[in-house]
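Residue numbers (this note's numbering), protein chains in the order written: chain A, 259 to 370; chain B, 3 to 115.
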């Protein structure tokens with residue numbers, strides 16, 4: 259069972275560079291989420307999607323973009339990387355919005 | 003909007019001792035509540051959840067939690083901790099919307115030999 263798969267696991271970016279964090283799930287879940295985790299701050303929601311073609315902003319969306327062209331994939335795009343985006347990023351999915359979420363292993367991103 | 007408070011940033015417990023991690027939530031209706039555990043360098047794993055019914059819920063790895071509406075609490079307990087329980091623990095709540103879980107800031111559990 260693959261569950262939620264995130265790539266890459268680690269990445270170092272220079273200020274101003276762009277990159278896409280990949281997330282795929284094989285559970286046929288409608289809902290997918292991107293969180294960032296900073297030390298002592300818990301997880302904060304960046305973007306979420308309730309199905310293919312539908313995305314919406316979470317608590318901290320600035321500097322990020324997402325797309326959801328298929329049920330399985332939910333990539334997160336950073337267009338102009340900034341040091342404030344140094345964080346651990348988690349993708350998650352759930353069958354419905356009020357059910358438990360299943361998490362990927364995370365992507366540790368450092369912007370220098 | 004819902005919120006979650008975990009008042010203890012760090013807790014140190016001796017191996018074999020009992021454990022209680024505190025969680026208080028704010029939500030207007032009956033919430034759906036969760037406890038997740040995160041081992042170093044790993045993603046989050048669901049320990050247990052409360053949706054309705056019996057207010058004492060059992061989870062994996064010998065953990066349990068009790069929902070107390072009057073205190074807006076959902077504390078996590080374990081009778082005897084093991085060294086492998088050392089991790090970060092997150093309490094979370096989800097309301098009726100589609101925007102997923104709201105997390106507390108986490109409690110870092112340290113196990114002393």
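All C-beta atoms, glycine included, are put in the ideal place defined by N, C-alpha and C. Bear in mind that the values here come from a model prediction, so they are computed numbers and not experimental data.
In the DSSP assignment, what residue or residues form a beta bridge with residue 37/B?
-> Bridge partners of residue 37/B: 50/B, 93/B.
Neighbourhood of residue 106/B by C-beta distance below 8 Å, restricted to the same chain and skipping five residues each side | Result list for residue 106/B: 6, 7, 8, 25, 92, 93, 94, in chain order.
Please check if any C-beta of chain B sits within less than 7 Å of the C-beta of residue 356/A.
-> yes
Go to residue 5/B, then tell me how far its beta strand (DSSP E) extends in each direction, as first and last residue.
-> 5-7
Does residue 55/B get closer than 7 Å to chain A when you measure Cβ to Cβ?
-> no
What's the gap between the Cα of residue 55/B and the Cα of residue 61/B?
-> 15 Å
Within its chain, find whatever has a CB closer than 7 Å to the CB of residue 74/B; leave out the 5 residues flanking it on each side and keep chain order.
-> 26, 27, 28
Does any C-beta atom of chain A lie closer than 7 Å to the C-beta of residue 70/B?
-> So, not an interface residue.
Residue 375/A lies in the beta strand (DSSP E); which residues open and close that run?
-> This structure cannot speak to residue 375/A, because chain A is shown only from 259 to 370.
Any idea what DSSP makes of residue 24/B, helix, strand or coil?
-> If DSSP states are grouped into helix, strand and coil, residue 24/B belongs with coil.
Interfacial residues, the region 282-313 of chain A to chain B, with Cβ spacing under 7 Å | 289, 291, 298, 299, 300, 301, 303, 306, 308
Using a beta-carbon distance below 7 Å, is residue 101/B in contact with chain A?
-> At a cut-off of 7 Å between beta-carbon atoms, residue 101/B makes contact with chain A.
Can you give the Cα-Cα distance for residue 306/A and residue 34/B, rounded to whole angstroms?
-> 19 Å
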